[in-house]
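Participant: Chains as they are written, first to last, in our numbering: chain B, 2 to 116; chain W, 23 to 138.
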Amino acid sequence: DQQVKQNSPSLSVQEGRISILNCDYTNSMFDYFLWYKKYPAEGPTFLISISSIKDKNEDGRFTVFLNKSAKHLSLHIVPSQPGDSAVYFCAASIYSGAGSYQLTFGKGTKLSVIP
Amino acid sequence: DGGITQSPKYLFRKEGQNVTLSCEQNLNHDAMYWYRQDPGQGLRLIYYSQIVNDFQKGDIAEGYSVSREKKESFPLTVTSAQKNPTAFYLCASSPGGPSAYNSPLHFGNGTRLTVT
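1) Which stretch, first to last residue, makes up the beta strand (DSSP E) that contains W/Arg35?
2) Starting from the Cα of W/Gly85, find the closest Cα among W/Ile68, W/Thr101, W/Asp60 and give me that residue.
3) Note down, in chain order, every chain B residue with its Cβ under 7 Å from the Cβ of W/Pro126.
4) Within 10 Å of its beta-carbon, does B/Val1 have 16 or more other beta-carbons around it, so buried, or fewer, so exposed?
5) Run down chain W in chain order and give the residues with a C-beta less than 7 Å from the C-beta of B/Leu76.
6) Express the C-alpha separation of W/Asp60 and W/Gln104 in angstroms, rounding to a whole number.
7) How big is the Cα-Cα spacing for B/Lys72 and B/Cys24?
8) Just by C-beta distance, which residues in the region 6-18 of chain B are closer than 9 Å to chain W?
9) Specify, as a first and last residue, the run of the beta strand (DSSP E) that B/Asn68 falls within.
10) Could you give the first and the last residue of the continuous beta strand (DSSP E) run that contains B/Tyr33?
11) Under the assumption that B/Lys111 contacts B/Ser11 (Cβ atoms under 8 Å), give the Cβ distance between them as a whole number of angstroms.
Written out as structure tokens, the structure is:
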């Protein structure tokens, strides 16, 4: 059973417009959420995160929104640039005991920004 | 520059052979992880280690083994018991400890393993 879901496998956006990537989760015990960006044949790189006690976190062109009641978060990229074209993974963190935390990843959304 | 080094980038093996993937980090991180990525799939956790000489199974540990003899190194062995070993393998690390929950993972650039 998938605990972190990214229901859109792909998204195409015109350069300069807003990109909105969505993520839903089922486990209410998740307390920290992260977005990673991945280019082909490379490892994911951390993009932005949000604690479950907040509903918004902003870093430059990237903003993450969290709606705990709906168990939904979204990543907004404004304005979108061709270099943003990548696969974006949503991840959720949960305490797994003995001082350790585990990340659960969604399947990713491939964003294509068209010049 | 600090980071995580995975080698080799591409690896080919015959079915029935064990193969070991290397992962080295110079970030002085306590925690290290191995993930597997398949096409159209998210990252799935194979094994993780919070401290030297200790490791735990992740969600898909069957057919894999690891060791953590040094803080810097966390090699992954894909054994012949792994039924579908062809995949992209990613190693990651984090500081670990009490602040682990909000410490993003740092990933290597992965090893693509092909078993025929």
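For every residue, glycine included, the Cβ atom is placed at its ideal position computed from N, Cα and C. Since this is a predicted model, take the numbers as computed values, not measurements.
Facilitator: Inspection of the coordinates gives the following:
1) Counting along the chain, the beta strand (DSSP E) containing W/Arg35 begins and ends at 32-35.
2) Ranked by how close their Cα comes to the Cα of W/Gly85, the residues W/Ile68, W/Thr101, W/Asp60 have W/Thr101 in first place.
3) For W/Pro126, the neighbours in chain B by C-beta distance under 7 Å run, in chain order, Leu35, Phe47, Ser50.
4) Absent from the structure is residue 1 of chain B, since the part of chain B shown begins at 2 and ends at 116.
5) Correct list: empty, because the minimum Cβ distance to chain W is about 15 Å.
6) Take the alpha-carbon of W/Gln104 and the one of W/Asp60: they are about 14 Å apart.
7) If I take the Cα positions, the gap works out to 9 Å.
8) Taking 9 Å as the Cβ-Cβ cut-off, the region 6-18 of chain B approaches chain W at Gln7, Pro10, given in chain order.
9) 63-68 is the extent of the beta strand (DSSP E) around B/Asn68.
10) 33-39 is the extent of the beta strand (DSSP E) around B/Tyr33.
11) Right, the Cβ-Cβ distance comes to about 4 Å (below 8 Å), so this counts as a contact.
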